Every structure is written in C-alpha cells, then in structure tokens.
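Step one of this worksheet: look at the structure below.
Protein chains: 2
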Amino acid sequence: MKIGLRHIRYFLVLADDLNFRRASEHLHISQPALTRTIQHLEAELKVLLFERSQNFVRLTDAGRAFQEGGRRVLNGMEATIDLTRRVSIGEAGALRVGYTDFAIAGALPELLKQFHQKHPGITVRPHHGVTATQLEELQDDKLDIGFITGPVRHPGFQSRVVQNDRPICIVPEGHHLAMRRSVTLADLAEEDFVHGPAEAWAHFYDYLFPLCRRAGFQPRIVQEAFNSVGILGLVSCGMGITILTESIYDFATGGLVPLPISDISEVMVTEAVWLSDNLRLPTQQFVDFLAQQDIG
Amino acid sequence: MKIGLRHIRYFLVLADDLNFRRASEHLHISQPALTRTIQHLEAELKVLLFERSQNFVRLTDAGRAFQEGGRRVLNGMEATIDLTRRVSIGEAGALRVGYTDFAIAGALPELLKQFHQKHPGITVRPHHGVTATQLEELQDDKLDIGFITGPVRHPGFQSRVVQNDRPICIVPEGHHLAMRRSVTLADLAEEDFVHGPAEAWAHFYDYLFPLCRRAGFQPRIVQEAFNSVGILGLVSCGMGITILTESIYDFATGGLVPLPISDISEVMVTEAVWLSDNLRLPTQQFVDFLAQQDIG
DNA sequence: GTTTTTGATGCATAATAGGTATCATGAAAA
DNA sequence: TTTTCATGATACCTATTATGCATCAAAAAC
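Sequence order for the protein chains is R and W. First residue of the first sequence: 1, per the UniProt record's numbering; consecutive thereafter. First residue of the second sequence: 1, per the UniProt record's numbering; consecutive thereafter.
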C-alpha cells in the first residue's frame, strides 16, 4: 500500500479535531473508515502518529512533524493545480523576450511595463542578444519574442515595427568634429570607426553600409567591442567615432558628443519578431497586445 | 474523482519519457492503465497536459507548470515521510531548553555543543528565563529541560547538577572594598545591594539569605535589575555592590572588581531539571546524554 | 448499575485501478 | 503501392482498495 493525499487529508483533520468521530463527520465518512485509514497510514510509515485511548487522542512528536509536512504537501498540491489551470487559460505563464541594445534603450521597457499591467500573471524573462542570435533562438524555441534590429522577412517569421531610430554620429570630446552642429556621411569618410563584431552586428551593418556606400566611402572599422556600452567606452577613450542611435547615446556616462547626420533620412527600425507557429498563449497575448499599441 | 500522488508519479515519468509505452514500462504498469490515468488527471484538472498524436507526445505549457509543481509536491512528500520516521526514532526533533544567566555563563554552551555533535538531528530551541518561570513552563509543557538555580525537590521533577559556582562579591572600581584581596560576609553587612526582583530571583535568595543571616545581617537591596547584566551595570554605576558568580563576572565589560568571599564554602548549584513523565524522545536523549557527562 | 461515548473490528458492497485483447492511425519499409 | 510496425485510445473483465453498517470492549458520565 502507498501513502496518498487522501491519507494526509484525513490525518490533518483528525490532528485538528483529536477525535475520530468528529473528524469523520467533518470528512463526511464513517468513523471506521477513518480509523482504518489512519491505521494504514501508520502501518505504511511504520510510525505511531497518535496516542489513543478511549479518553483522549493526541499527536506524538512524529505526528506533529507529519502534520507540518503534510500541510505543506497539501498546500503545494493546491497551488500547483491552481497554477496549472491558470497557465492553461493564459492567466499565468512565462514569456521569453530577447532584446538588443537598441530595444532596451528605446521602447522595450515601457512596452514590458504596460504588458505586465495588462497580464500580471505572465512572468517576462528577458534575454539579451544580438539580432542574429535571437533569430536562431526563436527557431530553436529558446525565445518567444525577439526585439531585433532591421526588417526581417523570412518565411515563418512575423514581425511588427516597435521603434524607429535616427542614427547619430558620436565622437569623443575634443575630437576635431566635436564643435560641429551636424555632419554629413561624407564628412566621416576618413574617420576611424568603432563597432561591434561583423557577424553579430550583421543587421546593423546591412543598414549602415549602404548609406555609407551612397556617400562614397566604406567605414573603416578599427576597433570592435561586444556591445554598445563597450563601443561608447572605446569612443570616449578616443579610439575612434561611431554611428549609433540617440537612445543609446543617452545611456552613456559622459565625455561624448552627439552629432546629427544631416543627410540620413532612413530610420533604423527595431522590430518585434516571432515565429508564426508559436502557439504559446503568452506569445499570442503579447502579439495581441502589440497590435493594440500605437507606435510612432 | 480526486487527484492523488499516483497521478503525479505517473505524470512525471511520462513527462520525462514523452512516450506512453516506455513510461508504462518504467512504471511497471500496462500502457492502457497509464493512458487512462493521464486522461483522468486531465479531466479532473480540466486542462490538457500533453499534446499527443501517433508520432509525438509533448508537454503543453500547463503541463510544464504541473511538472514543476508536481515534482515539488512529490519531493515534499518524501521529505515529510523521512522526517517523520526520523523524529519517531529520535534522529530528528526539537528540544526546548530553558536557561538562567548562571547556566548560559557557565556549563550550558559546552553541554549543548556536545549534545549537538552527538545528536545532530535535534534542533535545540533555547529560552531564557529565571528559575521560577522555567519550572512553570516545564509543567505547562512549554519546556523539555530547564537549567535552573538551586536544588529542586518537587515531586514529578527529576534533576541533575551540572554546575557548581562559588559566589563572589562584585564592587565597582573605586569602592572602599575594591582594594581588599577578599572579604567576609560580615564585611558586607552595611553595604547597599543590587539584585534581581524578589519573586523571580527567589531561588537565588534562598541560597544567599541564609548565608547572610548566619553572618548576622540581612542584605539591604536598594536597586533591582531584570537580569545579571543589568545588575552588573548598576554596580558599575556605583549604585551598590552585589554577590554573583565568577562566570557571570566574566561576562561583564569592565569597571568592576571581583572579591572572593572567604567564609562561604557552600556552592551555588545549577541543575538541569525535567518532568519525570516527559516522554519525548529528544528529552530522553538529553537526559541520557547528561548521565554520561562528568560534572565537576 | 445503566447509559453514553470512545476507538477498534468483521463483513459485505462500492469505487477505483489494473491487465488483456483490440482498434485506428500514421510512419517507415518492402 | 502494399505491408509492417509503432503509436495512443478503447472495451471488457478482474483485482485491489475504500467505505458503510453493525457490533464490540472499555472507560466515563449519570
């Protein structure tokens, strides 16, 4: 015979009442049934849980230990059932969200905050990652939603623009361009650039390089950093200049000068992307939520 | 129908194997039995836990939630059974120990340390209290063992001496007795005394007063503090002198002078006491442990 | 002394779980 | 294509387990 939740339920009521007859009434079963169940429980545990006589029933020390533990088990069971039901109807769950530096510096925080207000049961698990990584993770079902750079038009993916950034040029204080009110791309042809590694930042380069090519040059990348904070750090050290977005610049600590680029009208888009066949309820809810948002 | 631990056990194995036939083999039951148990579980939860087809079985989000919760419930059940068994054989449990200032300043710490080494499963819960309080708590089953001052010879109680203290006189620095190497009781007849309140310190007074009477005076208590630290504090402020033990003196911070009392040979005993009819295993174990100790 | 109340027990019944045989369906093999 | 194989689901019967009723033995209440 095995101990089941039934034994625990009966035991706990008896441990409260300390009277077989009353406990059996509370449980809506007969008194012999309760006696038997407790006997079986004690036999299976090979432990006496109650001292009984015709006058009194009281818990042994072991009984008190079992009482505490039993309560925890029953509460845990109830909580599990409740959570499972709520997950199934979308009231609870987890949403794995990937984000780039551009997204976290821009619209993402406010979006997640609003989503949390609307769906307080959904736990958002954010994972930082560049665009390429996120697209892989989406396909490997490591991510539900990715916030990535640049338009993605792959079969199987759906997306929605959530953010438009105007790129700006960022130079260190004291740089020969630092006194300018604005620059053109052509002004930057001879400059050293600091940026991220080519593979990881492919989507950003896809946006920037054509613009530079149109201006008649290819940016000379002389230093690579692993994220935009690192890039800004290298720029402020005077290793070169960079082109990023205004929101990223706002994250920097100082020693940097932002310059508008007058001859770029193209914006750099940040998109939310997800797999069309992602059927998870939290994902659906986030997609629906996104559809209701007005994005400038 | 009610959800039981059986459902969870079966569910967890299936969630690992994701194959009904293999899971049923691991569980040593037939495949139809497993199929129906899972069906019953899902019906009771009103939640789909697995997506099934002839090709694959996989967990739904709700299934994953139930998996986590179910694991916790099962672990909790196992832990509870284990703890209960250990409590019943005395490998685990709690021992409520009362102690006086004299005990905690003397032999108690070492005793508890040794007991813990011998019975690592027993959690010692110490409660500070004067002798009178502890005796009440023992009788109300609020305490298992009391460490109290002075011999107790009440019916129902058993005891064992654990500590003998020679009382010393403690005076503040600069006191007119502070230069003496030792004092006699008679030297103290005209002094102001600081001590604890009469009711709570009854047992201490029972020891001290007869000695003073023999020396021909009754100590004049001019200040009361609630514990020995407070008493020593008042003494160091010059409010009076006191008679305590050397171990208590060692707890003081300074500004005090200890003086042996040459004409007291009677020691002040600290005893462990317990009710004869306390049947709790941890208590028995502590009593047995005490019996094995050599007490000076 | 009688009645009432307590927990325990014997026995029959009801509810639940399990096993065997079998089906329907889709994938892989021939 | 047809055949074979593996999958999960279902039908039907059996074994196990839980329950209720009637009753007992012992102690307390009256």
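Yeah, the Cβ is synthetic: ideal placement off N, Cα and C, and Gly gets one too. Small disclaimer: the values here were computed from a predicted structure and weren't measured.
Asked: Check H26(R) in the structure and name its three-state DSSP category.; Found: helix
Asked: Do you know whose CA, among S247(R), N278(R), V124(R), lies nearest D140(R)'s CA?; Found: N278(R)
Asked: So M239(R) is in the beta strand (DSSP E); what residue range does that whole segment cover?; Found: M239(R) -> no beta strand (DSSP E), and no H or E assigned at all.
Asked: List, in chain order, every chain W residue whose beta-carbon is nearer than 7 Å to that of M77(R).; Found: V73
Asked: At which residue ranges does the stretch 108-160 of chain W contain complete beta strand (DSSP E) runs of 3 or more residues, listed in the order of the chain?; Found: 122-128, 145-149
Asked: Should the stretch 89-101 of chain W be called in touch with the stretch 141-161 of chain W, which here means at least 3 C-beta pairs below 8 Å?; Found: yes
Asked: Taking 8 Å as the cut-off, does the stretch 72-86 of chain W touch the stretch 247-258 of chain W (at least 3 CB pairs, one atom from each stretch)?; Found: no
Asked: Ignoring anything shorter than 3 residues or poking outside the stretch 159-220 of chain R, list the beta strand (DSSP E) runs there in chain order.; Found: 167-172, 192-195
Asked: Which value, in whole angstroms, describes the spacing of the CA atoms of H203(R) and Q134(R)?; Found: 12 Å
Asked: Please list the partners that L45(W) has in chain R, where partner means a Cβ-to-Cβ separation under 7 Å.; Found: I81, T84, R85
Asked: If contact is defined by three or more beta carbon pairs under 8 Å, each pair taking one atom from either stretch, is the stretch 220-238 of chain R in contact with the stretch 183-198 of chain R?; Found: yes
Asked: Looking at L12(W) and R71(W), is the spacing between their C-beta atoms short of 8 Å?; Found: yes
Asked: Round the Cβ separation of Q158(W) and V269(W) to the nearest angstrom and send it over; I've been treating them as touching at under 8 Å.; Found: The pair is not a contact, with the Cβ atoms about 15 Å apart (cut-off 8 Å).
Asked: With a CB to CB cut of under 6 Å and the five nearest residues on each side skipped, what residues in its chain are close to L232(R)?; Found: A252
Asked: Counting only beta-carbon atoms, is D61(W) nearer than 8 Å to chain R?; Found: yes
Asked: Does A272(W) come out as helix, strand or coil in the three-state DSSP assignment?; Found: strand
Asked: Is the beta carbon of G92(W) sitting closer than 8 Å to the one on I122(W)?; Found: Here residue 92(W) is Ala; the residue named in the question, Gly, does not match the sequence. Yes, these two residues count as a Cβ contact at 8 Å.
Asked: Assign S265(W) to buried or exposed, taking buried as 16 or more other Cβ atoms, counted over all protein chains shown, within 10 Å of its Cβ.; Found: exposed
Asked: For the candidate residues T283(W), L138(W), C169(W), whose alpha-carbon lies nearest to that of G156(W)?; Found: L138(W)
Asked: With a CB to CB cut of under 7 Å and the five nearest residues on each side skipped, what residues in its chain are close to P260(W)?; Found: I168, S182
Asked: Can you check whether the CB of P172(W) is closer than 8 Å to the CB of S236(W)?; Found: yes
Asked: My assumption, with CB atoms under 8 Å, is that R85(W) sits in contact with V47(R). Please give the rounded CB distance.; Found: 6 Å
Asked: Between Q67(W) and L185(R), what straight-line distance do the alpha-carbon atoms span, to the nearest angstrom?; Found: 56 Å
Asked: When you compare each of G69(W), K118(W), R21(W), T131(W) to Y207(W) by their alpha carbons, which one comes out closest?; Found: T131(W)
Asked: By a C-beta neighbour count over all protein chains shown, 10 Å radius and 16 as the cutoff for buried, is D61(W) buried or exposed?; Found: buried
Asked: Give every residue of the same chain whose Cβ lies closer than 7 Å to the Cβ of T34(W), excluding the five residues on either side of it in the sequence, and list them in chain order.; Found: For clarity, residue 34(W) is Leu in the given sequence; the question names Thr instead. For L34(W), where only same-chain residues beyond five positions count, the Cβ hits under 7 Å are Y10, L14, F20, A23, S24, L27.
Asked: Can you give me the Cβ contacts of G255(W) inside the same chain, cut-off strictly under 8 Å, excluding the 5 residues immediately before and after it?; Found: P172, E173, S236
Asked: Would you mind reading off the limits of the alpha helix (DSSP H) that contains G69(W)?; Found: 61-88
Asked: Suppose the cutoff is 7 Å on Cβ atoms and the five residues either side in sequence are ignored; what does the same chain contact list for F286(W) look like?; Found: L95, F115, I145
Asked: Which residues does DSSP list as the beta-bridge partners of R58(W)?; Found: E51(W)
Asked: If you check the beta carbons only, do H175(R) and V257(R) fall under 8 Å apart?; Found: yes
Asked: Can you tell me whether DSSP reads L259(W) as helix, strand or coil?; Found: strand
Asked: Label P282(R) either buried or exposed according to how many other C-beta atoms from any shown protein chain fall within 10 Å of its C-beta, with 16 as the threshold for buried.; Found: buried
Asked: Taking 8 Å as the CB-CB limit, is F50(W) close to chain R?; Found: no
Asked: Please report how far the alpha carbon of V162(W) lies from the alpha carbon of P151(W), in whole angstroms.; Found: 11 Å
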